[in-house]
Amino acid sequence: AARKVTLLDVNGTESHREGRIPGAIDFSAHEARLAAVLPKDKHALVVAYCGNEYCNAYETAAQAAIRLGYKNVKHYAPGIDGWKKSGAKIEKG
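Next comes the structure, spelled out in structure tokens:
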């Protein structure tokens, strides 16, 4: 069975609308109620990303998830720029 991944897009709401990794949650819009949008399972994989490998905004989301008790929090370093460059699909709107 494929593992479910929860993606946190830390690029801001405007960027999130313009293009995100499919299924990514807009961290800016959900920061105040993050627990409500994250999986109940504290061992679920949560991956935060921002613009590219030089961006460190993802740390805000990663730390927020860790504070909520999530044990498997990762960083997708290439960010949305790397995702687009790889030719992978993006989601808009």
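Be aware that the sequence shown starts at 256, since it is given in my numbering, and climbs by one per residue.
Ideal Cβ positions, reconstructed from N, Cα and C, are used throughout, including at glycine.
### beta strand (DSSP E) runs wholly inside the region 275-342, at least 3 long, in chain order
300-304, 327-330
### Query
Candidates N266, V292, T268, I345: which alpha carbon is nearest A320's?
If you number the sequence shown from 1, residue 320 lands on position 65. For the residues N266, V292, T268, I345, the minimum Cα distance to A320 belongs to V292.
### Query
When you compare only the Cα positions, how much space is there between R322 and N307?
Position 67 of the sequence shown holds residue 322. Position 52 of the sequence shown holds residue 307. Answer to the nearest angstrom: the Cα atoms are 24 Å apart.
### Query
Taking C-alpha atoms, which residue in K295, S283, Q318, Y313 lies nearest to G334?
On the sequence shown, position 79 is the one that residue 334 refers to. Considering only alpha carbons, the answer is Y313.
### Message
Looking only at its chain, what residues have a beta carbon closer than 6 Å to the beta carbon of R275, apart from the 5 residues adjacent to it on each side?
### Response
Here residue 275 refers to the residue found at position 20 when the sequence shown is read from its first residue. For R275, where only same-chain residues beyond five positions count, the Cβ hits under 6 Å are D264, E346.
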